[in-house]
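Student: Chains A and B are the protein sequences, given in the same order. Just so you know, we're using this note's numbering here: the first sequence kicks off at 1 and counts up by one. Just so you know, we're using this note's numbering here: the second sequence kicks off at 1 and counts up by one.
2 protein chains.
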Amino acid sequence: MPFDGKAFIIGGMALHHHHERGGEDLLKAAKATLQKAGEQWTDMRAVIFDVLAEHSKPASAYDIADLVSRRRGKRVAPNSVYRILDLFVTTNLARRVESANAYVANSHPGCLHDCIFLICDECGIATHLDNDDLSASVREAAQVAGFVNLRPMIEVRGKCSNCD
Amino acid sequence: MPFDGKAFIIGGMALHHHHERGGEDLLKAAKATLQKAGEQWTDMRAVIFDVLAEHSKPASAYDIADLVSRRRGKRVAPNSVYRILDLFVTTNLARRVESANAYVANSHPGCLHDCIFLICDECGIATHLDNDDLSASVREAAQVAGFVNLRPMIEVRGKCSNCD
DNA sequence: CGAATAATGATATATTGTAACCTTCGCCGA
DNA sequence: TCGGCGAAGGTTACAATATATCATTATTCG
Chain A
1 MPFDGKAFII
11 GGMALHHHHE
21 RGGEDLLKAA
31 KATLQKAGEQ
41 WTDMRAVIFD
51 VLAEHSKPAS
61 AYDIADLVSR
71 RRGKRVAPNS
81 VYRILDLFVT
91 TNLARRVESA
101 NAYVANSHPG
111 CLHDCIFLIC
121 DECGIATHLD
131 NDDLSASVRE
141 AAQVAGFVNL
151 RPMIEVRGKC
161 SNCD
Chain B
1 MPFDGKAFII
11 GGMALHHHHE
21 RGGEDLLKAA
31 KATLQKAGEQ
41 WTDMRAVIFD
51 VLAEHSKPAS
61 AYDIADLVSR
71 RRGKRVAPNS
81 VYRILDLFVT
91 TNLARRVESA
101 NAYVANSHPG
111 CLHDCIFLIC
121 DECGIATHLD
131 NDDLSASVRE
141 AAQVAGFVNL
151 RPMIEVRGKC
161 SNCD
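1. Could you tell me the alpha carbon to alpha carbon distance between A:Leu52 and A:Ile125, rounded to whole angstroms?
2. Note the first and the last residue of the continuous alpha helix (DSSP H) segment covering A:Val47.
3. Looking at the unbroken alpha helix (DSSP H) that takes in A:Asp133, where does it start and where does it end?
4. By the criterion of Cβ-Cβ separation under 9 Å, what are the contact partners of B:Asp164 in chain A?
5. Is there contact here, the segment 54-66 of chain B with the segment 75-93 of chain B, by at least three beta-carbon pairs under 8 Å?
6. Can you give the Cα-Cα distance for A:Gly38 and A:Lys31, rounded to whole angstroms?
7. Could you list which residues in chain B have their beta carbon closer than 9 Å to that of A:Cys160, in chain order?
8. Of all the options B:Gly73, B:Arg75, B:Ala61, which has the alpha carbon lying nearest to the alpha carbon of B:Val89?
9. Can you grab the Cα-Cα spacing for the pair B:Lys28 / A:Ser56, in whole Å?
10. Spatial neighbours of A:Gln35 within its chain, please: CB distance less than 8 Å, with the 5 preceding and 5 following residues excluded, ordered by chain position.
11. Buried or exposed, going by whether 16 or more other CB atoms sit within 10 Å of the CB of B:Ala136?
12. What is the DSSP secondary structure of A:Val81, reduced to helix, strand or coil?
13. For A:Val97, name the three-state secondary structure that DSSP assigns.
14. Helix, strand or coil: which one does DSSP assign to A:Arg75?
15. Is the Cβ of A:Pro58 closer than 9 Å to any Cβ of chain B?
16. Measuring CB to CB, does A:Ile116 end up less than 9 Å from A:Leu134?
17. Kindly identify the DSSP beta-bridge partner or partners of B:Phe117.
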């Protein structure tokens, strides 16, 4: 498993750091990840990923369709966006925020986690946490119950410190 | 906080038992809970709760609208159902399963938990776990991040042992 | 090049969720 | 008793999210 940071333990929690990736860098990482998965990095996909990555909060497929349409000067239908978002989710380039019917770019495409989203009811911004201990516990509980092919989703709705 | 079971510790996990509530019993408990919250227990609400409780898997508002319409021999519009489901959710008579856009009756209306749903991709049945340690950890993580008014949702998609 | 495959476009439709306004009915005080 | 108020539900319209199908264009690869 590739791992682009340092790992250490604080207060019983396994944590690790990610490099913060911005624009160019992130695009390249996304491209590399998609291609490694045997998929093409097309113009459409690049634009959609970029729009998603620029967006400050989870974006619905329709939001993205609008933004992409504007950027390309030509209407892009939501179903095209859905197709690509689905691909992004399965290849870990993006994640779906179930409680918001929306998507966020994964800023560390190569790095695989169950993650936790904190979504502010007020401003809509989603904060992303990784806590592998916690998600391991959730997985374990599901496994004990006899489930397989687990895909956990842990989201917390609430009010962020900015809006409080 | 009312608590209708016994509490004990196994393997570091705080667990407790619920009485299993079936038909009549559950209806009465739901009615009591709603009235204690200062809300009316109407025919419509009773029927919707009953339909939801009978349903073996999470039911969409539209599913419920159909079932209720059939039972009452008269069309009930989805928006009426939504209103009542929202009320049920806020009063803890039912829960929304975000990853399925659907609702389940709470079989212990008086008892308040963050809970974990395991939803089978195959058969659609949702298994309900309570694990207060786990949900406490999730709440804590969100709190540390500065969030307030927390409403955690923990769901695991996968395949249940029956369908495996 | 040319066939096969992958990606996207276009269109239609299904599903899920809200908004606005109206009617009914029970309750409560004058 | 009457009148009015508020809660619940009805009706209609519409918005937002998601999928299905088939046609067209682009890429890959022999």
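Idealized CB from N, CA, C, for every residue including glycine. The structure presented is a predicted model; accordingly, all values stated were derived computationally and were not measured.
Tutor: Straight from the coordinates:
1. 13 Å
2. 43-54
3. 132-144
4. Gly146, Phe147, Val148, Asn149
5. yes
6. 11 Å
7. Ala145, Gly146, Phe147, Val148
8. B:Ala61
9. 47 Å
10. Trp41
11. exposed
12. helix
13. strand
14. coil
15. no
16. yes
17. B:His128, B:Glu155
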